[in-house]
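> My questions will all concern the structure given below.
Written out as structure tokens, the structure is:
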């Protein structure tokens, strides 16, 4: 089944975007009134979002116009690499976390997109692969970063306990198994919770976008459900893969903790 | 000779913890004696390859420890670490952990009995035991691997005097009933005198003396021995 895209489109003017900045002014006023010191961050966020989204808008337009599969792969590759760099900053407690993150994001994106195309959910065209790929990589990045951040903290906190199990003849994989469960849970729980509450507490972005673009609510709901399920698969692959690849980095080949606990 | 360390140097986070250490530990009961932070616990971890030295050699029964499979070595030379290091679950879960990984049979009750714990402890929640009981569970857990050497890292440092005396009694009983050699890390001179035949004194990452306990500890002035006794 190939889902229909929005049956009509809306035209958004620069003036409308500028008008929306009024809400940013509210945020600045709130920050200033309470001396929260967020004015600079809000300013940077607004400018960066403007530049980044405008740039990616041109890139997507180019890719759609060219209708080139190679350009789609190139764009998704760049997103995976940037995603791994960004996630690495959150996984500070994990030695050499970049490569596990890169591998996990690449596998999550390739496996998820490959599966949705193979199942006939989406056509293998830029119009589907670019936006779905972007969502998959973004969510996978967050899940992998949260999972590795938790794993790094737990290994540090429980280093004595881990070394005690190594002393009983456990392999490095066996020694961190209890921590892997918790890390995987941390990486996935946010999306699982938001999937549970979707439609009740908030409307997810894709559905809102389609409704604004004039799509039939039934189509909007169905597409949103597909994306939520796709994302659940993607974050589980990313978190599990990142943990599996990264957990070895805490140990030497002789099953020794690289950063031994202080005696 | 059970262990020989030849010119061993070990650093952590850029700090030299052990410098040019050469030590010989005979079969029987030995003690690594020194103040807190002197490097004695680190030395203990080198004996079963929980860490490797930056330079020098650690030899166990005539072979470099790096020639052994590290997992097999740790089952034969078993470390009893400082608390807290128990696995979540019952006392039985803790005692069974090592043998199950190795695919070996074991007798939990006999291990508990050797460690001075009654069979009734087997199904108790390990986290709800007293510190002294937890220390004995860690001892039983190591014994379940049927080791040839036990490495004991400050086995009584967290215990009151009565519990300490009981654990020391258990260790003496272990020596009398089994052929297991002991390497005991302690900061307590009097404890080294009570438990060890051979003593290595370590200070600031260097070996300052080693020899038979009866000779080496005789050289320590009485007030120092008395101070150590009072501190425990």
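Chains as they are written, first to last, in the numbering used here: chain A, 301 to 563; chain B, 864 to 1095. All C-beta atoms in this analysis are idealised placements derived from N, C-alpha and C, irrespective of residue type, glycine included.
In the DSSP output, which residue or residues are listed as bridge partners for residue 878 (chain B)?
B:875
> Would you check if there are 3 or more beta carbon pairs closer than 8 Å linking the region 963–978 of chain B to the region 912–931 of chain B?
no
> If we count the other Cβ atoms within 10 Å of its Cβ and call it buried at 16 or more, is residue 301 (chain A) buried or exposed?
At residue 301 (chain A), the pLDDT of 48 sits below 50, so the modelled position is not reliable; the number obtained from the coordinates is stated separately. When all chains shown are included, residue 301 (chain A) counts as exposed.
> With distance defined between alpha-carbon atoms, name the residue in B:942, B:876 and B:885 nearest to residue 1048 (chain B).
B:942
> With DSSP as the reference, identify every bridge partner of residue 943 (chain B), one or two as the case may be.
B:1015
> Could you tell me the alpha carbon to alpha carbon distance between residue 528 (chain A) and residue 498 (chain A), rounded to whole angstroms?
Rounded to the nearest whole angstrom, the CA to CA distance from residue 528 (chain A) to residue 498 (chain A) is 9 Å.
> When you compare only the Cα positions, how much space is there between residue 416 (chain A) and residue 530 (chain A)?
Rounded to whole angstroms, the separation of the alpha carbons of residue 530 (chain A) and residue 416 (chain A) is 8 Å.
> Compare the C-beta of residue 469 (chain A) against all C-beta atoms of chain B and say whether one is closer than 8 Å.
yes
> Checking contacts by CB at 8 Å: is residue 464 (chain A) closer than that to chain B?
yes
> Compile a chain-ordered list of the residues in the region 536–559 of chain A whose CB is closer than 7 Å to at least one CB of chain B.
Result list: 554, 555 and 556.
> Does residue 564 (chain A) pass the burial test, meaning 16 or more other C-beta atoms within 10 Å, or should it be called exposed?
As shown, chain A starts at 301 and ends at 563. That puts residue 564 (chain A) outside it, with no answer to give.
> Cβ of residue 563 (chain A) less than 8 Å from any chain B Cβ?
Note that residue 563 (chain A) scores a pLDDT of 49, beneath 50, so its modelled location is shaky and nothing firm can be said.
> Do you know how far the Cα of residue 873 (chain B) is from the Cα of residue 1076 (chain B)?
26 Å
> In this structure, does DSSP put residue 1067 (chain B) in helix, strand or coil?
Note: residue 1067 (chain B) maps to coil in three-state DSSP.
> Any beta carbon of chain A sitting closer than 8 Å to that of residue 1069 (chain B)?
It does not; no Cβ of chain A falls within 8 Å.
> Starting from residue 1073 (chain B), follow its DSSP beta bridges and name the residues at the other end.
B:1063
> Does residue 951 (chain B) come out as helix, strand or coil in the three-state DSSP assignment?
coil
> Give me the Cα-Cα distance between residue 867 (chain B) and residue 1013 (chain B), rounded to the nearest whole angstrom.
16 Å
> Tell me, please, which residues DSSP counts as bridged to residue 1049 (chain B).
Bridge partners of residue 1049 (chain B): B:896.
> What's the call for residue 406 (chain A), buried or exposed, on a 16-neighbour Cβ count within 10 Å?
Burial call: buried.
> Starting from residue 428 (chain A), follow the alpha helix (DSSP H) in both directions and report where the run begins and ends.
Start and end: 426–457.
> Going straight from the alpha carbon of residue 1061 (chain B) to that of residue 960 (chain B), what length do you get?
32 Å
> Give the straight-line distance between the Cα atoms of residue 1058 (chain B) and residue 1043 (chain B), rounded to the nearest whole angstrom.
14 Å
> With DSSP collapsed to three states, give me the class of residue 994 (chain B).
helix
> What residues of chain B sit near residue 460 (chain A), judged by a beta carbon separation below 8 Å?
944, 945, 947 and 948
> Under the rule that 16 or more other beta-carbon atoms within 10 Å means buried, what is residue 925 (chain B), buried or exposed?
With fewer than 16 neighbouring CB atoms inside 10 Å of its own CB, residue 925 (chain B) falls in the exposed class.
> What does residue 1102 (chain B) reach in chain A if we use C-beta pairs closer than 9 Å?
Outside the displayed range of chain B (864 to 1095) lies residue 1102 (chain B), so it cannot be described from this structure.
> Which class does residue 313 (chain A) belong to by DSSP, given the choice of helix, strand or coil?
coil
> Using the rule of at least 16 other Cβ atoms within 10 Å of the residue's Cβ for burial, across every protein chain shown, is residue 990 (chain B) buried or exposed?
By the neighbour-count criterion, in which a residue is buried when 16 or more other Cβ atoms sit within 10 angstroms of its Cβ, residue 990 (chain B) is exposed.
> Does DSSP classify residue 901 (chain B) as helix, strand or coil?
coil
> Listed in chain order, which residues of the region 958–970 of chain B have Cβ atoms closer than 7 Å to some Cβ of chain A?
For the region 958–970 of chain B, the set of positions with a beta-carbon nearer than 7 Å to some beta-carbon of chain A reads 960, 961, 964 and 965 in chain order.
> Pairing CB atoms from the region 336–352 of chain A with CB atoms from the region 371–380 of chain A, are three or more of them under 8 Å?
no
> Within 8 Å of any Cβ in chain A, is that where the Cβ of residue 1004 (chain B) sits?
yes
> Kindly indicate which three-state DSSP category residue 419 (chain A) falls into: helix, strand or coil?
coil
> Quick one: what's residue 926 (chain B) bridged to in DSSP?
Residue pairing by DSSP places residue 926 (chain B) opposite B:923 in a beta bridge.
> When you compare only the Cα positions, how much space is there between residue 492 (chain A) and residue 480 (chain A)?
18 Å
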